[in-house]
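Everything below concerns the one structure shown next.
Number of protein chains: 2
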Amino acid sequence: MPAIGLQCRKCGRQHDLGPFYVCAECLGPLEAVYADAGGNPETLRARIAGGPRTLWRYADLLPVAYDPAVDLGAGLTPLVPARNLGQALGLRHLYLKNDSCNPTWSFKDRVVEVGMAAARQFGFKVVACASTGNLANAVAAHGARASMPTCVFLPRGLERGKLLLSAVYGATIVEVEGTYDQVNRLCVEISEEHPWAFVNVNVRPYYSEGGKTLGYEVAEQLGWRLPDHVVVPMASGSLLLKIAKAFGELQRFGLVEDHAVRVHGAQAAGCAPIVTAFQEGTDVIRPVQPRTIAHSLAIGTPADGRDALEVIRSTGGRAEGVTDAEIVESMRLLAASEGIFTETAGGVTIGALRRLAASGRIDEDATVVAYITGMGLKTQEAVEETLPETVQIPSSLRAFEAHVLPRLDRFPAGTGNAARPVGAEPARGGG
Amino acid sequence: MPAIGLQCRKCGRQHDLGPFYVCAECLGPLEAVYADAGGNPETLRARIAGGPRTLWRYADLLPVAYDPAVDLGAGLTPLVPARNLGQALGLRHLYLKNDSCNPTWSFKDRVVEVGMAAARQFGFKVVACASTGNLANAVAAHGARASMPTCVFLPRGLERGKLLLSAVYGATIVEVEGTYDQVNRLCVEISEEHPWAFVNVNVRPYYSEGGKTLGYEVAEQLGWRLPDHVVVPMASGSLLLKIAKAFGELQRFGLVEDHAVRVHGAQAAGCAPIVTAFQEGTDVIRPVQPRTIAHSLAIGTPADGRDALEVIRSTGGRAEGVTDAEIVESMRLLAASEGIFTETAGGVTIGALRRLAASGRIDEDATVVAYITGMGLKTQEAVEETLPETVQIPSSLRAFEAHVLPRLDRFPAGTGNAARPVGAEPARGGG
């Protein structure tokens, strides 16, 4: 069921499908529109269940047809019940959607697969983007896969490692003097003059629909039901919007029972224009100069901020701002309690979740899903200095017993540890 | 169908299940033994298809029961058809099994989930390992998840980033003076004196069985059939052994039709004891001092080398050694052609595949699977210096047209690029 048209989110005017992203009438943002799924929900569910083990199992709900050339296997990442973290926060049914298990290790692979399928359908020959890092990686990798030249634009001064990850896939990397918002404005200008597909500018109505799959998957993985609360990181605000849209569609098409989901948004306190507007009770998103370690969320003029705010308010959610110190603490808490090492954006999400839980705004029996959208190695400098030193020893049992054993052997002898291993002579183990 | 016992791979003697890993009789390595699956293959296939979307869908074929405490969602990673790379190598049906999409981004999550389930079943209270990096990461993460203290032993001098990835999960990190092989010997000694579960030493017969899931998944993802060739990286040789075992079981249980699979092994030339033995036509694996950038494969005395060699020879496969220069070149080729950024070990695999394809030993119509076992960010220094510089510009259209456009706009105007985007006034895109 590819989209049947585009519609302005502001004035409602309909437009034909094409590489358009702003309303010719009012300059509002365009959004993909679908025919009603129509058919039997059971049939649609069965078609999804029988589909590929990627986000393309939801092709019936996406704006473009499946295109194998851009398929790197993104999507259907683990939804993990988080007992330890849940216990720490007083939540009995907490789940983590771990999108760091994607091909370039962030949720951007989802939006790029959908956006690039659209770009190819429209006949573009070069794919580009404005990015804070993760999106560039995803565009570069998928461009390699689809044999299309890619060009990624980033604010100057990002970690060299993040740039190199795009370079290894063969992208042309352009560092632009200025903030992300200036980079983005430059990309808008370029897209008006040159026939390039900027996935998050002129292909945005298609690209952003890929974010819906993070809503569909959670519902399917919960056994075709909706959670009571979700916590979503916000940069442009688009992801939050699309997850909420997905929940709405699932109910409209009869794939899940009607159920109210409170949608909470998380930003870094150092770049929190949506949170500020929420707190001030206004609709006006005032631009800010980002000052946070959460670079991937550092968008001072969020394109979909107003709509995200509307979703948060209308579902009874909240917008929470998280300090850099809380981000680091939350990254470490998540890794140590659940074995998931996330990037700073994930620290923002967990930090917001902690605030929500501490304030008593989430019932302990509620089903809660927090979205972990990227992996920790890309921003490891955020936690590096806070970690304990290693223990260094020579290769001897004595040294182990003197310097290592006391740190770990806190368990009383003979209690429960019945299975004393009976090794014979030394033998090689090997990795 | 948990294992019914352990059997010595050398003398065949049966042992009871328990935390044992060497034969009391001959000191040979122990291996898990199963009852015949017995039932109808259709029933078993349906049970697998209806199971979780993780390696635990194959619980019927693993030695321990499913344990939710150690489940981080490992397994069922993408099997990607590699058209571009296949074309470059003259292979029409090349697939890449991308195990960098695991929770700690390497295949070690598989063996650790199975090994740690066994460790918990046997009542151990501390989980440990000897590691070259990836295994430590997986043990640390799963220990956090299972609320068990972990202690990881590594040769001194590994990249600090690799160590920190284990530290963030809360593991105690011990750097030992010496090579991996010395670290491993120390772990054997410790396991004899202290009741710790070393996943790759005293829990090895269970742990290593997790590697079989890389065989099962490929067969299932190919529509329940076996490939003609597989290329597997070798450190201890265990993974290759277990993938071959999985193919054998699938045929024995009637899950796939009988089919000969040529199993090829890949090592870095700087640490190639199995390759050397293969080339010399001997059964004797002579220990070597590793000298290669492929640290995760740098095991000079491979525990399962002899058995791996036997599998390679008996299936008509080959063992290939790959130079450091080929490793880097292959990492870049894979990233630029297929959008998959792998660590040095993956460069070894692709390097071996290139050699096999170039020598004409693989028919162009054969179905070939290469195993990509880990991700590139963990060893990014290997490619860093070979990558092109970024382009730096001020935020202006003129600068873009002068310095960036000429690099990419190689397509004649007006040919095919019909979809010239019709932007209205500038609007915010946003990430």
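Quick note, the sequences are listed as chains A and B, same order. Following the numbering used here, the numbering of the first sequence begins with 1206 at its first residue and continues without gaps. Following the numbering used here, the numbering of the second sequence begins with 1206 at its first residue and continues without gaps. We put the CB at the ideal spot given by N, CA and C, even for glycine. Just so you know, these numbers come straight off a predicted model, no measurement behind them.
Point to revise | Reference A:G1320, options A:V1285, A:N1405, A:M1439, closest by Cα | key: A:N1405
Exercise for review: Find out if the Cβ-Cβ distance for the pair A:G1556, A:S1535 is shorter than 8 Å.
Suggested key: In contact: A:G1556 and A:S1535 (Cβ atoms closer than 8 Å).
Review point. A:Q1387 versus chain B: which residues are under 8 Å apart at the beta carbon?
Key: S1600, listed in chain order.
Exercise for review: Just tell me which of A:V1489, A:C1476, A:G1521 has its CA closest to the CA of A:A1527.
Suggested key: According to the sequence provided, residue 1527 of chain A is Val. The question's Ala does not apply to it. A:V1527 has its Cα closest to that of A:C1476, out of A:V1489, A:C1476, A:G1521.
Review point. On the premise that A:R1258 lies in contact with A:L1419, defined as a C-beta separation below 8 Å, what is that separation, rounded to the nearest angstrom?
Key: A:L1419 to A:R1258, Cβ: 16 Å. No contact.
**Study point:** chain B contact for A:N1245 (CB, 8 Å cutoff)
**Key:** no
Check your understanding: At a CB-CB cut-off below 8 Å, which residues of chain A make contact with B:R1252?
Key -> In chain order: nothing, as chain A lies at least about 16 Å away.
Review point. Any idea which residues DSSP pairs A:R1467 with across the strands?
Key: A:H1434
Review point. How about B:E1543: is its C-beta nearer than 8 Å to some C-beta of chain A?
Key: yes
Review point. When the cut-off is 8 Å and only beta carbons count, does B:A1632 lie next to chain A?
Key: Residue placement at B:A1632 is flagged as unreliable, the pLDDT there being 37, under the threshold of 50; a coordinate-derived value is accordingly withheld.
**Study point:** Residue range of the alpha helix (DSSP H) that includes A:L1561
**Key:** 1549-1563
Check your understanding: What do you reckon, are the CB atoms on B:Y1411 and B:Y1263 nearer than 8 Å?
Key -> B:Y1263 sits away from B:Y1411, with the two beta carbons spaced by 8 Å or more.
Check your understanding: For chain B, is any of its Cβ atoms less than 8 Å away from the one on A:I1378?
Key -> yes
Review point. Name the residues in the segment 1439-1465 of chain B whose C-beta lies less than 9 Å from a C-beta of chain A; which are they?
Key: A1440, S1441, G1442, S1443
Review point. For B:V1332, which three-state DSSP category applies?
Key: strand
Practice item. Since I believe A:L1561 is in contact with A:R1523 (beta carbons under 8 Å), could you give me their beta-carbon distance rounded to a whole number of angstroms? Key: 7 Å
Point to revise | C-alpha distance - A:T1591 paired with B:D1488, whole-angstrom precision | key: 49 Å
Review point. Would you say B:F1605 reaches chain A, if we count a Cβ-Cβ gap shorter than 8 Å as a contact?
Key: yes
**Study point:** Presumed contact (8 Å Cβ cut-off) between B:D1463 and B:A1571, rounded CB distance
**Key:** That pair is no contact at about 17 Å.
Exercise for review: Sort out for me which residues DSSP pairs A:N1303 with in a bridge.
Suggested key: A:I1577
Review point. Can you list the residues of chain A that B:C1356 reaches, using a CB-CB cut of under 7 Å?
Key: V1609, L1613
Check your understanding: So, using beta-carbon positions, are B:G1338 and B:L1301 closer together than 8 Å?
Key -> no
Review point. Within 10 angstroms of its Cβ, does A:R1350 collect 16 or more other Cβ (buried), or is it exposed?
Key: buried
Practice item. For the segment 1322-1332 of chain A and the segment 1491-1499 of chain A, state whether three or more C-beta atom pairs, one from each stretch, are separated by less than 8 Å. Key: no
Review point. According to DSSP, which residues form a beta bridge with A:P1257?
Key: Paired residues: none, contrary to the question.
Practice item. Please check if any C-beta of chain A sits within less than 8 Å of the C-beta of B:Q1472. Key: no
Practice item. Determine, using beta carbons only, whether B:S1413 and B:F1403 come nearer to each other than 8 Å. Key: It is not a contact, given that the beta carbons lie outside the stated cut-off.
Exercise for review: Please report how far the alpha carbon of A:L1431 lies from the alpha carbon of A:N1389, in whole angstroms.
Suggested key: Computed Cα separation, rounded: 35 Å.
Review point. Over what stretch of residues does the beta strand (DSSP E) that includes A:F1358 continue unbroken?
Key: 1355-1360
Practice item. Quick one: grab the DSSP three-state call for B:P1224. Key: Coil, per DSSP.
Review point. Under a CB-based cut-off of 8 Å, is A:R1350 close to chain B?
Key: Yes, A:R1350 lies at the interface with chain B (some Cβ there is under 8 Å from its Cβ).
Point to revise | A:C1213 - DSSP class collapsed to helix/strand/coil | key: strand
Review point. In chain A, which residues lie with their C-beta within 8 Å of the C-beta of B:V1285?
Key: Within chain A, the residues near B:V1285 are D1276, L1277, G1278.
Check your understanding: Measuring CB to CB, does A:D1276 end up less than 8 Å from A:E1318?
Key -> yes
Exercise for review: Provide the residue span of the alpha helix (DSSP H) that contains A:G1420, from first to last.
Suggested key: 1418-1426
Exercise for review: Less than 8 Å between the CB atoms is what I'm expecting for A:L1232 and A:H1220, so what's the real figure, rounded?
Suggested key: So it is not a contact: roughly 12 Å between Cβ atoms.
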